[in-house]
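Just so you know, we're using the working numbering here: the sequence shown kicks off at 1 and counts up by one.
This report concerns only the one structure given below.
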Amino acid sequence: MVERSYFFNTPEGGPAYEYKAGDFARFHAQIIGNGVSNTNTLDDLAVSSKQNMTVSLAAGYAFANGYMYENTAAKDLIHDIAEPDTDRIDRIVIAFDNTPTQRKTYSYVKKGIPGTNPTPPSLTRSSYIYELSVAQVLIEAGKSYIENDQITDERTIDAVCGYIPLHNIYRALSIDEYGTATFLNQSFIKTINEEGVTFEQSQVREVPFGRIIEDTQGEINSDSTFIARARGVYSFWAEIGWWKTSFPVGIDVQIYVYVNGEEAFPMVAKVLNSSNDNFVIASGIDRLQAGDEVQFKAIVFHTGGEPVTPNLIRLRIAKLS
Numbered sequence: 001m002v003e004r005s006y007f008f009n010t011p012e013g014g015p016a017y018e019y020k021a022g023d024f025a026r027f028h029a030q031i032i033g034n035g036v037s038n039t040n041t042l043d044d045l046a047v048s049s050k051q052n053m054t055v056s057l058a059a060g061y062a063f064a065n066g067y068m069y070e071n072t073a074a075k076d077l078i079h080d081i082a083e084p085d086t087d088r089i090d091r092i093v094i095a096f097d098n099t100p101t102q103r104k105t106y107s108y109v110k111k112g113i114p115g116t117n118p119t120p121p122s123l124t125r126s127s128y129i130y131e132l133s134v135a136q137v138l139i140e141a142g143k144s145y146i147e148n149d150q151i152t153d154e155r156t157i158d159a160v161c162g163y164i165p166l167h168n169i170y171r172a173l174s175i176d177e178y179g180t181a182t183f184l185n186q187s188f189i190k191t192i193n194e195e196g197v198t199f200e201q202s203q204v205r206e207v208p209f210g211r212i213i214e215d216t217q218g219e220i221n222s223d224s225t226f227i228a229r230a231r232g233v234y235s236f237w238a239e240i241g242w243w244k245t246s247f248p249v250g251i252d253v254q255i256y257v258y259v260n261g262e263e264a265f266p267m268v269a270k271v272l273n274s275s276n277d278n279f280v281i282a283s284g285i286d287r288l289q290a291g292d293e294v295q296f297k298a299i300v301f302h303t304g305g306e307p308v309t310p311n312l313i314r315l316r317i318a319k320l321s
């Protein structure tokens, strides 16, 4: 086992510290993932057609394994001429080449193999070379120039390129090519209950979840209890419904959210005035602390003294922030 320290000045009276490019690459690779830039000020290595067999690679930058490539201005790349009878697919590739005789990054046209059903050339990803494909270019048989509809942008495809992610810092955050952020592990539950839950007149009861469709954080603790794993603002949604002929018209349905055994807020109070008015939908938001226990509860009135059994209950909880 070897312990390494990054990055310190030489200690007083000690031997000189020396760092290599690979040390900086290892450092950056812990923070910056592989991919191309996604900015508001650059075209971020987009590929477009020019004259004849030339395409243009726009300004932008890319990272792979801690090493950086930068193209400061539009760069021309020239494809080999087309075959007379068969198409081929080339790729515009950013190569990160750490072989001892190279040690550089560069862009180039990776030529494909012509054929009746051509496929793009594979990317090299070895211990020394790592390639990103920013575009495929269809070279049509017998054609002496390239048009934009022959170019397929691959920058958004994670398997061959993707946009630069920040990992080990924002591990739960993903940002797409439009700058839209997605919280990958955000709390969300979705349940449905079609088994029939009996409500006695004027008696509050817990609303059971039933079948779990989604529970991203494993927060459903029992058939009626959700335990928040993290503090934040949460959204709550509930639906209780009956078949049109299975409930007494005029019943009053009230739904509440309870937190730690206490009523937090009422979600809805609704009277079902006709057989077409046969379901209740309610929503609301509240702030929770980690470990808070949440339950949906409901009460029905004006049932004619008889118990009522809804045919459908659907519940949702989502963490907003």
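Even glycine gets a Cβ: it sits at the ideal position worked out from N, Cα and C.
Small disclaimer: the values here were computed from a predicted structure and weren't measured.
Does Asn71 come out as helix, strand or coil in the three-state DSSP assignment? Taking the first residue of the sequence shown as 1, we reach residue 71 at position 71. Of the three classes helix, strand and coil, the one that applies to Asn71 here is strand, per DSSP.
Identified DSSP bridge partners for Val271: Taking the sequence shown and counting its residues from 1, the one referred to as residue 271 is at position 271. Paired residues: Asp252.
Could you compute how far the alpha carbon of Asn273 sits from the alpha carbon of His302? Walking along the sequence shown from the start, residue 273 turns up at place 273. Walking along the sequence shown from the start, residue 302 turns up at place 302. Approximately 11 angstroms between the Cα atoms of the pair.
Residue range of the alpha helix (DSSP H) that includes Gly22: As a first step, residue 22 is located in the sequence shown; it is residue number 22 there, counting from the start. Segment 21-29, the alpha helix (DSSP H) holding Gly22.
When the Cβ atoms of the stretch 187-198 are set against those of the stretch 219-234, are three or more pairs found closer than 8 angstroms? Because the criterion of three Cβ pairs below 8 angstroms is met, the stretch 187-198 and the stretch 219-234 touch.
Between the C-alpha atoms of Val204 and Leu184, what's the straight-line distance to the nearest angstrom? Your numbering for residue 204 matches position 204 in the sequence shown. Your numbering for residue 184 matches position 184 in the sequence shown. Whole-angstrom Cα-Cα distance: 36 angstroms.
Quick one: Cα of Tyr258 to Cα of Ile31, how far? Residue 258 sits at position 258 when you count from the first residue of the sequence shown. Residue 31 sits at position 31 when you count from the first residue of the sequence shown. Their Cα atoms are separated by approximately 41 angstroms.
Could you check whether the Cβ of Gly232 sits closer than 7 angstroms to any heavy atom belonging to the ligand COA? Annotation note on the ligand COA: not contained in the displayed structure, which lists no ligands.
So who's on the other strand from Pro266, going by DSSP bridges? Walking along the sequence shown from the start, residue 266 turns up at place 266. BP columns for Pro266 point to Tyr256.
Assuming contact is defined by CB atoms lying nearer than 8 angstroms, are Glu147 and Ala135 in contact in what I supplied? Translated into the one-based positions of the sequence shown, residue 147 becomes position 147. Translated into the one-based positions of the sequence shown, residue 135 becomes position 135. Not in contact: Glu147 and Ala135 (Cβ atoms no closer than 8 angstroms).
By DSSP, does Gln201 sit in helix, in strand, or in coil? If you number the sequence shown from 1, residue 201 lands on position 201. It is a strand residue.
Pull the bridge partners of Tyr234 from the DSSP assignment, please. Reading the sequence shown from its first residue, position 234 is the one you call residue 234. Beta-bridge pairing links Tyr234 to Asp286, Lys319.
What does the Cβ neighbour count give for Val2, buried or exposed, with the cut at 16 atoms within 10 Å? For this step, residue 2 is matched to residue 2 along the sequence shown. Counting Cβ neighbours within 10 Å, Val2 comes out exposed, since fewer than 16 surround it.
Mapping DSSP to helix, strand and coil, what is Asn148? Here residue 148 refers to the residue found at position 148 when the sequence shown is read from its first residue. Helix at Asn148.
DSSP state of Thr101 mapped onto helix, strand, coil: By 1-based counting over the sequence shown, the position of residue 101 is 101. DSSP places Thr101 in coil when its eight states are reduced to three.
Candidates Ile227, Ala58, Gly232, Ala298: closest to Ala238 by CA position: Numbered from 1 along the sequence shown, position 238 holds the residue referred to as residue 238. The residue with the shortest Cα to Cα distance from Ala238 is Ala298.
Take Thr39 as the anchor and find which of Ala62, Ser246, Phe96, Asp87 has the nearest alpha-carbon. Your numbering for residue 39 matches position 39 in the sequence shown. Ranking the options by Cα distance to Thr39, first place goes to Ala62.
Tell me, please, whether the stretch 205-215 touches the stretch 273-283 by the rule of three or more beta-carbon pairs shorter than 8 angstroms. no
If you draw a straight line from the C-alpha of Glu12 to the C-alpha of Phe27, how long is it? Here residue 12 refers to the residue found at position 12 when the sequence shown is read from its first residue. Here residue 27 refers to the residue found at position 27 when the sequence shown is read from its first residue. Going by the C-alpha atoms only, they are around 24 angstroms apart.
Less than 8 angstroms between the CB atoms is what I'm expecting for Val249 and Lys270, so what's the real figure, rounded? Position 249 of the sequence shown, counted from the start, is the residue given in the question as residue 249. Position 270 of the sequence shown, counted from the start, is the residue given in the question as residue 270. Actually they do not touch by this definition, with Cβ atoms about 13 angstroms apart.
For Asn98, count neighbouring Cβ atoms within 10 angstroms of its own Cβ and tell me buried if that reaches 16, exposed if not. Here residue 98 refers to the residue found at position 98 when the sequence shown is read from its first residue. Classification of Asn98: buried, given that the 10 Å Cβ count is 16 or more.
Same chain only: Cβ atoms within 8 angstroms of Ser202, ignoring 5 sequence neighbours per side: As a working note, residue 202 is residue 202 in the sequence shown. Contacts found: Ile299, Val300, Phe301.
Supposed contact pair Leu42 and Leu57 - C-beta distance, whole angstroms, cut 8 angstroms: Counting from 1 along the sequence shown, the entry for residue 57 is found at position 57. Counting from 1 along the sequence shown, the entry for residue 42 is found at position 42. Taking 8 angstroms as the upper bound for CB-CB distance, Leu57 and Leu42 are not in contact here, some 12 angstroms apart.
What whole-angstrom Cβ distance do Val137 and Asp90 have, given they're in contact under 8 angstroms? One-based indexing of the sequence shown puts residue 137 at position 137. One-based indexing of the sequence shown puts residue 90 at position 90. The pair is a contact, with the Cβ atoms about 5 angstroms apart (cut-off 8 angstroms).
Following the continuous beta strand (DSSP E) through Leu138, name the residue where it begins and the one where it ends. Walking along the sequence shown from the start, residue 138 turns up at place 138. Start and end: 129-139.
Meets three-Cβ-pair contact criterion under 8 angstroms: the stretch 65-74 and the stretch 117-124: no
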